[in-house]
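Colleague:
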Amino acid sequence: MKHAQQMSRPQIIGLAIVFLWFFIGGIAHFAATDLEATIVPPYIPWPVAAVLVSGVFELLGAAGILVPSLRRAAGIGLFLLTLAVTPAHIYMLQQPELFNVPLWALWLRLPVQMALLALIVWSTWKPRGNAAVEDD
Numbered sequence: 001m002k003h004a005q006q007m008s009r010p011q012i013i014g015l016a017i018v019f020l021w022f023f024i025g026g027i028a029h030f031a032a033t034d035l036e037a038t039i040v041p042p043y044i045p046w047p048v049a050a051v052l053v054s055g056v057f058e059l060l061g062a063a064g065i066l067v068p069s070l071r072r073a074a075g076i077g078l079f080l081l082t083l084a085v086t087p088a089h090i091y092m093l094q095q096p097e098l099f100n101v102p103l104w105a106l107w108l109r110l111p112v113q114m115a116l117l118a119l120i121v122w123s124t125w126k127p128r129g130n131a132a133v134e135d136d
């Protein structure tokens, strides 16, 4: 018997990419806190706290997607977290002169973020239920 919910090799690769993205990103929030805080839009209070809290959530989400019973919830959390940081990307596009990043790279972040959202959903979502299929 093979469970219908078993992940395909491409999904496992996608899951690995999502894990590495958020694991490395989460560490960066602690290793380069002051630099990360510079991209927090000025209307968000306590930028350092925002960076540290989001770093914790990135690391928790990265760990969570490795646990099959937590994968869906962690994926939802990482999806929402990715949406929550969108204002930082927009702020950087609105004020590119404040950042030592090429403008093309700032624009590229938006489609990359969309692809990341799709990858999170695809690699962490599985249908509910306990359906199984026979191996032939």
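In terms of the working numbering, the sequence shown opens at residue 1 and continues consecutively. Think of the CB as a built atom: it goes at the ideal place given N, C-alpha and C, for glycine as much as any other residue.
(1) With DSSP as the reference, label Ser123 as helix, strand or coil.
(2) Please go through the same chain and pick out, in chain order, the residues whose beta-carbon is closer than 6 Å to the beta-carbon of Leu144, but skip the five residues on each side of it.
(3) Go through its chain and collect everything with a Cβ distance to Leu59's Cβ below 6 Å, but skip five positions before and after it.
(4) According to DSSP, simplified to helix, strand and coil, what is Gln11?
(5) Less than 8 Å between the CB atoms is what I'm expecting for Trp125 and Gly75, so what's the real figure, rounded?
(6) In this structure, does DSSP put Leu60 in helix, strand or coil?
(7) Just checking: is the beta-carbon of Arg109 within a distance shorter than 8 Å of some beta-carbon in chain C?
(8) Could you check the C-alpha separation between Asp34 and Phe19 for me, to the nearest Å?
(9) Using 8 Å as the threshold, is the C-beta distance between Gly55 and Gly77 below it?
(10) Taking its Cβ as the centre, do 16 or more other Cβ atoms sit within 10 Å of Ile120, making it buried, or is it exposed?
(11) Under three-state DSSP, which class holds Gln113?
(12) In the structure shown, what three-state DSSP assignment does Pro41 receive?
(13) Report all residues from its chain with a CB closer than 8 Å to the CB of Gly14; omit the five preceding and five following residues, and keep chain order.
(14) Note down the Cα distance separating Thr86 from Met7, rounded to an integer number of angstroms.
Modeller: Reading from the atomic positions:
(1) Helix, per DSSP.
(2) It is not possible to answer for residue 144, since the shown part of the chain is limited to 1 through 136.
(3) Closer than 6 Å at Cβ, skipping near neighbours: Gly26.
(4) Helix, per DSSP.
(5) Right, their Cβ atoms sit about 6 Å apart.
(6) If DSSP states are grouped into helix, strand and coil, Leu60 belongs with the helices.
(7) The question asks about chain C, but that chain is absent: this structure has only one protein chain.
(8) Taking the straight line joining both Cα atoms gives about 24 Å.
(9) The answer is no: Cβ separation not under 8 Å.
(10) Residue environment analysis places Ile120 among the buried positions, since at least 16 neighbouring C-beta atoms fall within 10 angstroms of its C-beta.
(11) It is helical.
(12) Coil, per DSSP.
(13) Closer than 8 Å at the Cβ level, and outside the excluded window around Gly14, lie Leu119, Trp122, Ser123.
(14) In this structure, the alpha-carbon of Thr86 lies about 29 Å from that of Met7.
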